[in-house]
Amino acid sequence: MTTIDDFTRPKEFLSPLEKYIGGMIREWAENDVIPYRRKFNEDWKDHNWVEPAMKKLYVDIGLQKAVWPKEVGGWGLGQSDHVGTLMARVFEEVGRADTGIAVASAVTFWPLIMIALKPHINEELCAEFAPMFCDADEPRFAANAMTEPQGGSDIENMGNMGGKTITTTAELDGDEWVINGHKLWPTNTGGVADLFGVICTTKQGSSDEDDFAFIFVPADTEGVTQGEPYKKAGMAADKNSDIWFENVRVPKKYRAWGAGDDAKYFREVINWGSMSSAAFCVGAMMNTYEILKEYCSNKIFRGKPLKENTAVAAVLSDIAKDIEICRIATYQSARTLDRPELYWDKWSHEGVAKSRAVKMHVADKCIEVTNNAASLMGTYGCDRDWDVEKHWRDVKMIQLWMGGKQLCQMETARWFYGCETL
Ligand SMILES: Cc1cc2nc3c(=O)[nH]c(=O)nc-3n(C[C@H](O)[C@H](O)[C@H](O)COP(=O)(O)OP(=O)(O)OC[C@H]3O[C@@H](n4cnc5c(N)ncnc54)[C@H](O)[C@@H]3O)c2cc1C
Numbered sequence: 043m044t045t046i047d048d049f050t051r052p053k054e055f056l057s058p059l060e061k062y063i064g065g066m067i068r069e070w071a072e073n074d075v076i077p078y079r080r081k082f083n084e085d086w087k088d089h090n091w092v093e094p095a096m097k098k099l100y101v102d103i104g105l106q107k108a109v110w111p112k113e114v115g116g117w118g119l120g121q122s123d124h125v126g127t128l129m130a131r132v133f134e135e136v137g138r139a140d141t142g143i144a145v146a147s148a149v150t151f152w153p154l155i156m157i158a159l160k161p162h163i164n165e166e167l168c169a170e171f172a173p174m175f176c177d178a179d180e181p182r183f184a185a186n187a188m189t190e191p192q193g194g195s196d197i198e199n200m201g202n203m204g205g206k207t208i209t210t211t212a213e214l215d216g217d218e219w220v221i222n223g224h225k226l227w228p229t230n231t232g233g234v235a236d237l238f239g240v241i242c243t244t245k246q247g248s249s250d251e252d253d254f255a256f257i258f259v260p261a262d263t264e265g266v267t268q269g270e271p272y273k274k275a276g277m278a279a280d281k282n283s284d285i286w287f288e289n290v291r292v293p294k295k296y297r298a299w300g301a302g303d304d305a306k307y308f309r310e311v312i313n314w315g316s317m318s319s320a321a322f323c324v325g326a327m328m329n330t331y332e333i334l335k336e337y338c339s340n341k342i343f344r345g346k347p348l349k350e351n352t353a354v355a356a357v358l359s360d361i362a363k364d365i366e367i368c369r370i371a372t373y374q375s376a377r378t379l380d381r382p383e384l385y386w387d388k389w390s391h392e393g394v395a396k397s398r399a400v401k402m403h404v405a406d407k408c409i410e411v412t413n414n415a416a417s418l419m420g421t422y423g424c425d426r427d428w429d430v431e432k433h434w435r436d437v438k439m440i441q442l443w444m445g446g447k448q449l450c451q452m453e454t455a456r457w458f459y460g461c462e463t464l
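Under my numbering, the first residue of the sequence shown is numbered 43, with each subsequent residue one higher.
In structure tokens form, the structure reads like this:
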């Protein structure tokens with residue numbers, strides 16, 4: 043019988059660890075998430091149901107150690123040539139179970155890209171922060187604080203704005219950065235995160251990339267306040283809130299790299315965000331396929347299984363076609379992060395444009411797939427017992443985050459058509 047594993051995954055890209063880790067996460071999904079995920083909706087504030095699943099993934103399987111160098115107690119994946127495709131598999135598997143858990147795990151890894159991925163491994167900061175994640179027997183989370191009340195898209199639109207609209211300021215006072223500002227929405231906030239990567243400006247209003255600063259702030263630093271989690275349409279396993287930074291002081295060395303390099307490596311952070319978003323979508327689509335296949339094989343309409351009707355089969359084939367293409371595109375996008383020498387510099391605007399193009403296409407298709415699956419399933423499509431409505435609510439947010447569809451369009455058009463004002 044055909045299964046989700048029959049959709050193509052480009053095998054020549056895969057890491058030797060991929061089958062092993064992918065298998066462990068598949069088992070975790072079956073035992074620790076899928077039977078309970080309907081309870082997550084009501085658990086958005088307390089996470090009583092979410093936390094045991096997170097603990098198993100982060101601590102027992104050990105995902106929170108994944109990218110840290112081996113010398114500081116991690117798995118050392120940040121030093122591997124396969125980290126992109128391996129993480130695509132991880133995020134796809136986690137996304138199949140629950141895209142809210144997928145984003146919470148991916149974002150714990152997200153700011154660490156600045157300091158724990160070759161060739162830019164900041165050994166001093168890895169030694170400083172790795173014990174928080176590698177020596178813990180409780181889940182540890184990180185957050186990437188970019189979005190501000192006046193808008194998230196312009197902050198991420200480094201190619202055009204160069205950080206001009208960032209209002210969170212970092213001022214050097216002797217050997218310390220003093221940070222002031224207000225951020226909204228970062229995944230793993232609402233009291234969850236232990237460590238923040240904070241996007242700041244050292245000169246408000248400047249579009250010079252030298253003034254863009256990426257500074258790490260432990261969540262328990264004096265002057266950091268996290269608000270209450272928001273109640274969203276879905277993705278209850280991901281908490282999001284306001285964060286205020288009021289005269290927050292951290293050592294000077296907590297700035298990831300320094301003038302120019304923070305902005306440069308931040309482009310890689312964006313590329314990873316886009317690729318991971320696509321992987322979550324592929325996971326949600328794979329699970330939608332599984333549910334839909336079961337429904338259309340067993341539901342009898344006019345004396346035969348629903349899937350044996352031509353009009354229905356046409357929609358089913360479109361869904362399978364989209365999953366097949368989106369999965370290949372996502373692994374290809376991950377591969378470009380692993381092998382920049384074959385493709386393009388992963389800190390380039392070309393990389394940002396191409397990864398955003400993939401994210402935009404895969405997120406659009408994922409929304410279409412979950413929507414069409416719900417339509418084919420009739421009232422079962424909106425029945426919480428069938429979980430398609432859960433994916434449908436969750437995946438819309440993947441399209442909205444990271445500057446939304448419009449920023450993806452602008453960055454893609456800018457690079458491919460040489461637009462100068464977007
Ligand atoms: C579940 C979830 C998780 C998130 N996680 C994080 C996180 O980890 N870290 C973080 O910092 N933020 C996070 N966000 C916030 C998210 O990235 C922002 O909401 C997003 O970037 C859009 O920013 P905004 O809401 O401020 O909209 P704005 O930037 O104010 O944009 C408003 C609307 O205008 C559109 N728009 C913007 N510029 C243009 C233009 N030039 N032309 C046409 N249309 C335009 C946008 O696409 C959008 O539709 C998360 C959001 C969600 C829902």
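Ideal Cβ placement from N, Cα and C applies to all residues, glycine included. Quick caveat, the model's predicted, so the values are computed rather than measured.
Contact check, residue i vs residue j, beta carbons under 9 Å
{"i": "V430", "j": "I409", "result": "no"}
{"i": "D368", "j": "M317", "result": "Just to set this straight, residue 368 is Cys in the shown sequence, not Asp. No, the pair does not count as a contact, with Cβ atoms beyond the cut-off."}
{"i": "V109", "j": "G64", "result": "no"}
{"i": "T454", "j": "K396", "result": "yes"}
{"i": "K294", "j": "L214", "result": "yes"}
{"i": "P181", "j": "E93", "result": "yes"}
{"i": "H391", "j": "W457", "result": "yes"}
{"i": "R291", "j": "T263", "result": "yes"}
{"i": "W152", "j": "G233", "result": "no"}
{"i": "R381", "j": "D47", "result": "no"}
{"i": "A320", "j": "A405", "result": "yes"}
{"i": "T330", "j": "H433", "result": "yes"}
{"i": "A178", "j": "P111", "result": "no"}
{"i": "E113", "j": "L449", "result": "no"}
{"i": "V400", "j": "Q374", "result": "yes"}
{"i": "G120", "j": "I163", "result": "yes"}
{"i": "E336", "j": "F49", "result": "no"}
{"i": "A130", "j": "T372", "result": "yes"}
{"i": "V354", "j": "F343", "result": "yes"}
{"i": "F183", "j": "L105", "result": "no"}
Own chain, CB closer than 6 Å to residue i, minus 5 neighbours either side, in chain order
{"i": "M156", "result": "F256, A298, Y307"}
{"i": "M96", "result": "P181"}
{"i": "I143", "result": "V136, A279"}
{"i": "F254", "result": "G205, D304, A305"}
{"i": "A301", "result": "D252"}
{"i": "Y385", "result": "T378"}
{"i": "T244", "result": "A212, D253, A255"}
{"i": "V324", "result": "E134, C368, R369, T372"}
Whole-angstrom distance between residue j and residue i, CA atom to CA atom
{"i": "K98", "j": "W70", "result": "8 Å"}
{"i": "G414", "j": "E166", "result": "With the sequence shown as reference, residue 414 is identified as Asn, and Gly is not the correct amino acid for it. Computed Cα separation, rounded: 50 Å."}
{"i": "E190", "j": "H224", "result": "6 Å"}
{"i": "A212", "j": "S57", "result": "40 Å"}
{"i": "W227", "j": "A187", "result": "8 Å"}
{"i": "N88", "j": "N351", "result": "As written in the sequence, residue 88 is Asp, which differs from the Asn given in the question. So the two alpha carbons sit approximately 45 Å from each other."}
{"i": "D196", "j": "W443", "result": "13 Å"}
{"i": "V220", "j": "L418", "result": "55 Å"}
{"i": "W91", "j": "E134", "result": "21 Å"}
{"i": "F258", "j": "Y296", "result": "5 Å"}
{"i": "K420", "j": "Q451", "result": "Rather than Lys, the amino acid found at residue 420 in this sequence is Gly. Approximately 33 Å, taken between the alpha carbons."}
{"i": "R138", "j": "V101", "result": "20 Å"}
{"i": "M439", "j": "T141", "result": "10 Å"}
{"i": "R51", "j": "T209", "result": "42 Å"}
{"i": "R79", "j": "F322", "result": "16 Å"}
{"i": "I361", "j": "T44", "result": "15 Å"}
{"i": "E462", "j": "Q246", "result": "23 Å"}
{"i": "L154", "j": "G345", "result": "56 Å"}
{"i": "P173", "j": "Y62", "result": "25 Å"}
{"i": "A235", "j": "N222", "result": "18 Å"}
{"i": "E60", "j": "I67", "result": "10 Å"}
Close beta carbons around residue i, own chain, < 7 Å, minus the five adjacent residues each side
{"i": "T229", "result": "V145, A146, V149, A185, D280, N282"}
{"i": "N313", "result": "L379, K388, G393, V394, S397"}
{"i": "G201", "result": "H391, V394, E453, R456"}
{"i": "E218", "result": "R291, V292, P293, K294"}
{"i": "T231", "result": "A185, Q268, K281, N282, S283, I285"}
{"i": "W86", "result": "P271, K273, A278"}
{"i": "R377", "result": "F55, G126, T127"}
{"i": "G315", "result": "W152, M444"}
{"i": "E332", "result": "I46"}
Close Cβ partners of residue i (< 8 Å) along its chain, the five nearest in sequence each way excluded
{"i": "N340", "result": "P347"}
{"i": "S249", "result": "M203, G204, G205, K206"}
Closer than 9 Å to chain D by CB, residue i
{"i": "V132", "result": "Here there is only one protein chain, and chain D is not present."}
* Asked: Which runs of the alpha helix (DSSP H) fall wholly inside the stretch 347-395 and span at least 4 residues, in chain order?
  -> 352-380
* Those runs of the beta strand (DSSP E) which lie wholly inside the stretch 199-280 and span at least 3 residues -> The beta strand (DSSP E) runs lying completely inside the stretch 199-280 and spanning 3 residues or more are 211-215, 218-225, 237-243, 254-260, 266-268, given in chain order.
* Scan the stretch 157-200 and note each continuous beta strand (DSSP E) run of 3 residues or more that stays entirely inside, going in chain order. => 184-187
* Please go through the stretch 410-461 and give each complete beta strand (DSSP E) segment of 3 or more residues, from N-terminal end onward. => none
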